[in-house]
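Keeping their order, the protein sequence lines are chains B and A.
Per my numbering, the first sequence starts with residue 1, numbered consecutively.
Per my numbering, the second sequence starts with residue 1001, numbered consecutively.
The beta-carbon is built from N, C-alpha and C at its ideal position, and this holds for glycine as well.
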Amino acid sequence: KAGVTQTPRYLIKTRGQQVTLSCSPISGHRSVSWYQQTPGQGLQFLFEYFSETQRNKGNFPGRFSGRQFSNSRSEMNVSTLELGDSALYLCASSFGQGGYTFGSGTRLTVV
Amino acid sequence: AQTVTQSQPEMSVQEAETVTLSCTYDTSESDYYLFWYKQPPSRQMILVIRQEAYKQQNATENRFSVNFQKAAKSFSLKISDSQLGDAAMYFCAYRSGNDYKLSFGAGTTVTVRA
Chain B
1 KAGVTQTPRY LIKTRGQQVT LSCSPISGHR SVSWYQQTPG QGLQFLFEYF SETQRNKGNF
61 PGRFSGRQFS NSRSEMNVST LELGDSALYL CASSFGQGGY TFGSGTRLTV V
Chain A
1001 AQTVTQSQPE MSVQEAETVT LSCTYDTSES DYYLFWYKQP PSRQMILVIR QEAYKQQNAT
1061 ENRFSVNFQK AAKSFSLKIS DSQLGDAAMY FCAYRSGNDY KLSFGAGTTV TVRA
């Protein structure tokens, strides 16, 4: 079965712009989580959605937001981009109490 | 807040040999899950092994096994018969039973020598 699909794979944006990243979970998975990975801070939790509801949110500024659609696909948006937002953004989907399956990530570079 | 500590930034192992990666965690909860993930240069995080805290038996997946010491809050990963394809960054992760987020350690880079 298809895995977790993240688009785009690479993105270059300018400071002050906004960006939207997309994640399509494994079919049947209703939980989608987002993580930011940087060399300095490692892997940090952004937020988690289940059935279109945000159940948990990490310690990130309000510029970071997300949503989930009725087909479980999720998007995350970052507004007013800063250089420090350059990172690998990983999406993961889950079914029940099982482990999380990750996508290949979106590499965002802010210049 | 839960913290996960991986004290070994890098480990090197000869092909066909065994390597053990350490992980400790801090929690006051009794219901939780522990994971080891592998991240090769392709960037995709791959689940290696999963352990439920209520299970005393250590999880095993082929050449990968864990040593789960609940009282010591230790969760080490043993890779047996190491292969070149095992070279990657390995992350230990914790998830509470009533939460939906993973807390990751800083990672250990494993190099396999031919």
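{"Query": "Whether A:TYR1037 touches A:TYR1094 by CB criterion (8 Å)", "Result": "no"}
{"Query": "Sequence-distant residues of the same chain with beta carbon closer than 7 Å to A:ASP1086, five excluded per side", "Result": "ILE1079, VAL1110, VAL1112"}
{"Query": "CB contact below 8 Å: B:PHE102 versus chain A", "Result": "yes"}
{"Query": "For A:ASP1081, the first and last residue of its enclosing beta strand (DSSP E)", "Result": "Careful: A:ASP1081 lies outside any beta strand (DSSP E) and carries neither H nor E."}
{"Query": "Sheet register partners of A:GLN1039 (DSSP bridge)", "Result": "A:MET1089"}
{"Query": "Reduced DSSP category for B:LEU90 - H, G, I as helix; E, B as strand; rest coil", "Result": "strand"}
{"Query": "Stretch pair the segment 72–85 of chain B + the segment 22–40 of chain B: three plus CB contacts closer than 8 Å", "Result": "yes"}
{"Query": "Listed by chain order, chain A residues near B:GLY40 by CB distance under 9 Å", "Result": "Under the 9 Å cutoff, chain A gives no residues; its nearest Cβ is about 11 Å from B:GLY40."}
{"Query": "Identity of the residue in A:ALA1071, A:GLN1083, A:ASN1058 nearest A:LEU1077 by Cα", "Result": "A:ASN1058"}
{"Query": "Length of the line joining the Cα atoms of A:LEU1034 and B:PHE45", "Result": "16 Å"}
{"Query": "CB contact check: B:GLU48 to chain A, cutoff 8 Å", "Result": "yes"}
{"Query": "Cα-Cα separation, A:THR1125 to B:ALA92", "Result": "For residue 1125 of chain A there is no data in the structure shown, the boundaries of chain A being 1001 and 1114."}
{"Query": "Selected residue, minimal CA-CA separation from B:GLU48, among B:TYR35, B:PRO39, B:GLY40, B:GLY42", "Result": "B:TYR35"}
{"Query": "Near the ligand HEM: B:SER65 beta-carbon under 7 Å from a heavy atom", "Result": "As presented, the structure is devoid of all ligands, the ligand HEM included, so that no description of it is given."}
{"Query": "Range of the contiguous beta strand (DSSP E) that encloses B:VAL19", "Result": "19–24"}
{"Query": "Coil, strand or helix - A:ASP1026 by DSSP", "Result": "strand"}
{"Query": "Bridge-paired residues (DSSP) for A:MET1045", "Result": "Answer is none; A:MET1045 lacks a bridge partner."}
{"Query": "From B:GLY16, B:TYR100, B:LEU81, residue whose alpha carbon lies closest to that of B:VAL32", "Result": "B:TYR100"}
{"Query": "Contact check, A:ALA1006 vs A:ALA1072, beta carbons under 8 Å", "Result": "Residue identity differs from the one stated: residue 1006 of chain A is Gln in this sequence, not Ala. Cβ distance not < 8 Å, so A:GLN1006 and A:ALA1072 don't count as in contact."}
{"Query": "Contact under 8 Å by Cβ, B:ARG9 with B:GLU82", "Result": "no"}
{"Query": "For A:SER1012, the nearest candidate out of A:SER1103, A:GLN1083, A:ASP1099, A:LEU1102 (CA to CA)", "Result": "A:GLN1083"}
{"Query": "Delimiting residues of the beta strand (DSSP E) encompassing B:ASN77", "Result": "74–78"}
{"Query": "As assigned by DSSP and simplified to three states, the class of B:GLY81", "Result": "Before going further, note that residue 81 of chain B is Leu rather than Gly in the sequence given. In this structure, B:LEU81 counts as coil in the three-state DSSP scheme."}
{"Query": "Bridge-paired residues (DSSP) for A:TYR1094", "Result": "A:LEU1034, A:SER1103"}
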